[in-house]
Every structure is written in C-alpha cells, then in structure tokens.
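Colleague: Numbering of the sequence shown is given in the working numbering, commencing with residue 5 and proceeding in unit increments.
The beta-carbon is built from N, C-alpha and C at its ideal position, and this holds for glycine as well.
All figures in this text were calculated on a predicted structure; none of them were measured in a lab.
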Amino acid sequence: MRPLNIIDSMIEYQKNSTKSMTKEQKLQYIFNAIKKAYPEKKLVFNDGSPDKEVMIIGEAPGKDEEVQGKPFVGRAGKLLNATLEKLGWKRSDFYVSNIVKYRPQDGSGGTLTPTPEEIERFRPALEKEIDIVSPKLIVLLGRISMTGLGIEGSMSMNHGKIINKKINGTDRKILIVYHPAAILRNINWEPVFREDLAKIRELI
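As structure tokens, this is what we get:
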C-alpha cells in the first residue's frame, strides 16, 4: 500500500489544531502526520526551542543523525556548532531542522542526496513548520535547502544573500549559506562560511 501522503495527513492537522495550542503541540501534529506518511522510516525531526528567533534548515539527516535522532550531530553538525561558537553563539540559540525528515538511502544503505520528488513531498510540512516557529530569520544550508523553498540558482551565486520570500502568504527573511558538509569537502571555503553565518547578527 502507498504510504499516506504528507499533504493528506496535514488535513488532519488543519482540522484539529487550535490557536490555544502551544508551538510544541502544533509541531507534534506535523511530526505525527509525517510518521503516518512514513511509518517504516527512522525519522529525525527538529532540535531546539521553536521560540528561537532563527531557524536553520538543512537537507536531510545522515547516519549519525539517524542514530541520535537529532539533526546536525555528525561531522557537518560539529563544524556548524564550532563555527557558531566562534561567532559567539551556542547551538541552543537556534531552532534546527531539515527539509526531508528521513535519511535517503541507496540499495546498500548508503546515504543519498534527497531527490526532487522527496523535497517536493516534504515541502508542505516544512512550510507549516516555518509558520508555527515563525522565525525572524531563516538560514538555509546548501542548495537542497534552497530548492526546498523554491529558490533558484547556484550556491556560488546565492551564498551570503538575504532574500525576502513569501511562504504561505507571510514574508520571510532568508539567509543562504553553504552546507557545512561542503566546507568539509573544501576547507578553503571555511572563511566564507563563517562570514556568511556572521550576517545572522545584523539580521535579527
């Protein structure tokens, strides 16, 4: 049987959510909808309080994230955390999530980049997650994150840019930054990565 579509599951959220619910309760509805859609997957949701001013969005969990149940806990996450600390922040100062909530895999269990179809399936849930958190600033890590919110162009063209975009009818401020995994592959980009993340301070 085909897994329940996330969009179908979101209808239940719309019917049952109320203004009196906390952000955490509303987010749990989103996560329950995804669990219904993908009962066979090891899902990884958010990390951090939804009351934070900045929401960081990556592409999908890797093996370490799948094991620990939190986004950005592997090598890329450690680089992200270390860079944020150099800039005077703690990881706990941010709400952290991914577009795709499970680890895309090949037939041998290797980690894959999310497909356009996977990104599109998760977009409604991501947009609702953004609605609930309602951050002052969204930081998109990497090209897949850009694609997930319908932003076109290459990372070399867009990194460091601040974009204003309507998401579900609300204007959102977005900062585009290289994914830390890309920095691990090319450490010469680390100063640019740090400079782009430093822009967070002037945007909140």
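Between which residues of its own chain and Val48 is the CB-CB distance below 8 Å, once the five residues before and five after are set aside?
Modeller: Pro65, Glu69, Glu70, Gly73, Lys74, Pro75, Asn102, Lys105, Tyr106, Arg107, listed in sequence order.
Colleague: Could you name each continuous alpha helix (DSSP H) segment of 4 residues or more that falls completely within the region 152-176, going from the start of the chain to the end?
Modeller: You should have 159-162.
Colleague: Establish whether the CB of Ala64 and some CB of chain C are separated by less than 8 Å.
Modeller: Among the chains in the structure shown there is no chain C, since it carries only a single protein chain.
Colleague: So, at 8 Å on beta carbons, what are the nonlocal neighbours of Gly78 in its own chain, with the 5 sequence-adjacent residues on each side left out?
Modeller: Same-chain partners within the cutoff: Gly66, Lys67, Asp68, Glu69.
Colleague: Take Lys203 and list the residues in its own chain whose beta-carbon comes closer than 8 Å to its own, dropping the five residues that flank it on each side.
Modeller: Same-chain partners within the cutoff: Gly164, Ile166, Leu179.
Colleague: Once you ignore the five residues that flank Ser149 on each side, which residues in its own chain have a CB closer than 7 Å to its CB?
Modeller: Counting only Cβ-Cβ distances below 7 Å, and skipping sequence neighbours, we find Ile61, Gly62, Glu63, Ile103.
Colleague: Would the beta-carbon of Leu91 fall within 8 Å of that of Leu207?
Modeller: No.
Colleague: Going by alpha carbons, who is nearest to Phe98 out of Met59, Asp135, Tyr33?
Modeller: With distances taken between Cα atoms, Phe98 lies closest to Met59.
Colleague: For Val48, which of helix, strand or coil comes out of DSSP?
Modeller: Val48 falls in the coil class under three-state DSSP.
Colleague: Which residues mark the beginning and the end of the alpha helix (DSSP H) in which Tyr99 is found?
Modeller: Counting along the chain, Tyr99 falls outside any alpha helix (DSSP H), though it belongs to the beta strand (DSSP E) covering 99-102.
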